[in-house]
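To keep things clear, I will list the structure first and then write my remarks on it.
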Amino acid sequence: MPYLTELADVARRTGCPVTEVGGWRRRGHGPQPEVQGVVCHHTAGPAGGGDYPSLAVVRDGRPDLEGPLSHFGLGRSGRIYVIAAGRCWHNAPSTSPRHANSTSLGIEAENDGRQPWPQAQRDAYGRLCAELCREYGLPASRVRAHREVNTAKPDPHSIDMTEFRAQVAALISDGPPPGSWTEEIMRELPLVKPGDDNFDVKTVRGCLFARGHVPPTEYAQAEEGLEGWLKSTVCDPGLVDLVRRFQQAEGIPVDGLVGPTTWAPLLRV
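So for the sequence shown, this note's numbering puts the first residue at 242; every next one is plus one.
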């Protein structure tokens, strides 16, 4: 099985907000060999610090274990973070051959191990598990708590997994939820391509600058400097090159075109 570059699409089918963490399509300890199960974790991260303060650790690892540590992160708000498409070090040693690092996907939900679970986060947890089961042809019984497949672990705390799996099974039976409003907006946005001359190009320029992907050398020679560069409606070779560099940094296909896959990280939805 190759790197699982479909994971962001699967996450979006939940109807929950999704963040594609830059470089996720190439991140992993090699490709993911198989998907036979899903393992649910909590991060044991800080009690505060926003929606997903454990992102850097899950993505990059810690002194005793190289990252990535999980394919997905799950924020307190219910936002899904797509972190890696390859194999992750999220469960070893595993007591189940279907839930080892080479055979399963990991979800690290933000929780310090004692906090109540926000309802939006609990709902997103179940929806993500259901969509993963649907995508890879798994029954709900293949969704396991970390503590169920690793005797040294306690997570995810306080979640009754029998009840949780029943909820996942019901979601699988009900079918996927309707697309979110962000998905609908992404589908309606125009394709911006080399040679275009319109106001959509100005939007691309503004977004690239806001995301920190326009070095001063790009507008140093422009008439009126930065202001003139931002006002330009032409998708010229320089802008196409910036789009390509942005795509490479985000780990998305590098084609120089601004379509749904590129608009999403540009607009941060």
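All C-beta atoms in this analysis are idealised placements derived from N, C-alpha and C, irrespective of residue type, glycine included.
Q. Just to confirm, are L355 and N342 a CB contact at a threshold of 7 Å?
A. Position 114 of the sequence shown holds residue 355. Position 101 of the sequence shown holds residue 342. Here residue 355 turns out to be Arg, not Leu, going by the sequence shown. For R355 and N342, no; Cβs fall outside 7 Å.
Q: Report yes if the C-beta distance between V280 and G347 is below 7 Å; otherwise report no.
A: Working through the sequence shown from its first residue, we reach residue 280 at position 39. Working through the sequence shown from its first residue, we reach residue 347 at position 106. Yes. Within cutoff.
Q: Apply the 10 Å Cβ neighbour rule to A393 and answer buried if 16 or more other Cβ atoms are within range, or exposed otherwise.
A: Along the sequence shown, read from residue 1 onward, the residue named residue 393 stands at position 152. Classification for A393: exposed.
Q.
Using a 10 Å radius around the Cβ and a threshold of 16 neighbouring Cβ atoms, would you call T474 buried or exposed?
A. Position 233 of the sequence shown, counted from the start, is the residue given in the question as residue 474. Exposed: under 16 other Cβ atoms inside 10 Å.
Q: Under the assumption that P506 contacts E275 (Cβ atoms under 8 Å), give the Cβ distance between them as a whole number of angstroms.
A: For the purposes of this step, residue 506 is taken as the residue at position 265 of the sequence shown. For the purposes of this step, residue 275 is taken as the residue at position 34 of the sequence shown. Contact doesn't hold; Cβ gap of about 29 Å is too wide.
Q. By DSSP, does V475 sit in helix, in strand, or in coil?
A. Here the question's residue 475 lines up with position 234 in the sequence shown. Three-state DSSP puts V475 in a strand.
Q: Out of L508, D415, G436, Q488, state which residue places its alpha-carbon closest to the alpha-carbon of R266.
A: If you number the sequence shown from 1, residue 266 lands on position 25. Minimum Cα distance to R266 is reached at Q488.
Q.
If you reduce the DSSP assignment to three classes, tell me which class C370 lands in.
A. As a working note, residue 370 is residue 129 in the sequence shown. The answer is helix: DSSP assigns C370 an H, G or I state.
Q: Grab me the residues of L432's own chain with a C-beta within less than 6 Å of its C-beta, minus the 5 sequence neighbours each way, in chain order.
A: Along the sequence shown, one-based indexing puts residue 432 at 191. Counting only Cβ-Cβ distances below 6 Å, and skipping sequence neighbours, we find G500.
Q) Opposite D438 in the DSSP bridges: which residues? A) As a working mapping, residue 438 is identified with position 197 in the sequence shown. Note: D438 sits in a beta bridge opposite V475.
Q. Does the segment 382-401 come close enough to the segment 312-319 that 3 or more CB-CB pairs lie under 8 Å?
A. no
Q: Give the straight-line distance between the Cα atoms of C448 and L508, rounded to the nearest whole angstrom.
A: Along the sequence shown, one-based indexing puts residue 448 at 207. Along the sequence shown, one-based indexing puts residue 508 at 267. The straight-line gap from Cα to Cα measures roughly 7 Å.
Q: Starting from the C-beta of A365, find all residues in its chain whose C-beta is less than 7 Å away, skip the five residues before and the five after it, and write them out in chain order.
A: In the sequence shown, residue 365 corresponds to position 124, counting from 1. T255, C257, L315, G319, I321.
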